[in-house]
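Data first, discussion second: the structure below is written as structure tokens.
The following block contains the structure:
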């Protein structure tokens with residue numbers, strides 16, 4: 180039942196019940212995240228929902244396998260930590276690029292910009308890549324370029 184609630188939470192952005200939850204408990208600034216840090220003074224309801232997201236739990240595996248992040252404008256999906264590119268977090272799929280990245284936290288839309296109606300990725304690295312890292316960088320951009328960023332379309336889950 181809680182898994183269905185999580186799915187609906189990610190899908191039904193404009194409905195009153197979701198707005199009430201967001202106004203009472205706040206909306207995650209990192210977007211649709213599978214792991215939340217919660218304080219000790221939260222309600223039993225929030226604790227129950229957040230227990231779904233514990234790393235390594237069976238319910239977490241079910242969520243990871245059953246829910247897919249659908250990127251729209253990239254405002255509510257975390258670039259490095261959410262599983263939006265081939266169902267694996269970019270930090271895990273490309274640890275070398277993540278280690279070199281200047282910016283480690285932010286929504287997808289903060290890692291690029293529009294140029295003449297075309298999305299251009301702008302992931303700044305601390306240094307130039309070595310020859311032996313070029314293939315990894317190429318795979319990284321191939322993965323991100325397979326996802327179409329869309330103006331005016333909100334992110335969701337399916």
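Residue numbers (our numbering): 180 to 337.
Ideal Cβ placement from N, Cα and C applies to all residues, glycine included.
Quick caveat: nothing in here was measured; it's all calculated off a predicted structure.
Residue pairing by DSSP places residue 287 in no beta bridge whatsoever. CA-to-CA, the gap between residue 316 and residue 265 works out to about 16 Å. In this structure, residue 252 and residue 329 form a Cβ contact; the two beta carbons are roughly 6 Å apart against a cut-off of 8 Å. Residue environment for residue 324: exposed (fewer than 16 other C-beta atoms within 10 angstroms of its C-beta). In the DSSP assignment, residue 257 is bridged to 286. Taken through DSSP and simplified to helix, strand or coil, residue 267 comes out as strand. In the DSSP assignment, residue 276 falls within the alpha helix (DSSP H) that extends over 274-279. If you draw a straight line from the Cα of residue 292 to the Cα of residue 304, it comes to about 17 Å. The beta carbon of residue 299 is closer than 7 Å to those of 291 and 292 in its chain, skipping five residues each way along the sequence. One Cα belongs to residue 259, the other to residue 297, and the distance between them is close to 22 Å.
Counting only the Cα atoms, residue 312 lies some 47 Å from residue 196. Distances from the alpha-carbon of residue 272 to those of 319, 327, 194 and 200 put 319 closest. Taken through DSSP and simplified to helix, strand or coil, residue 195 comes out as helix.
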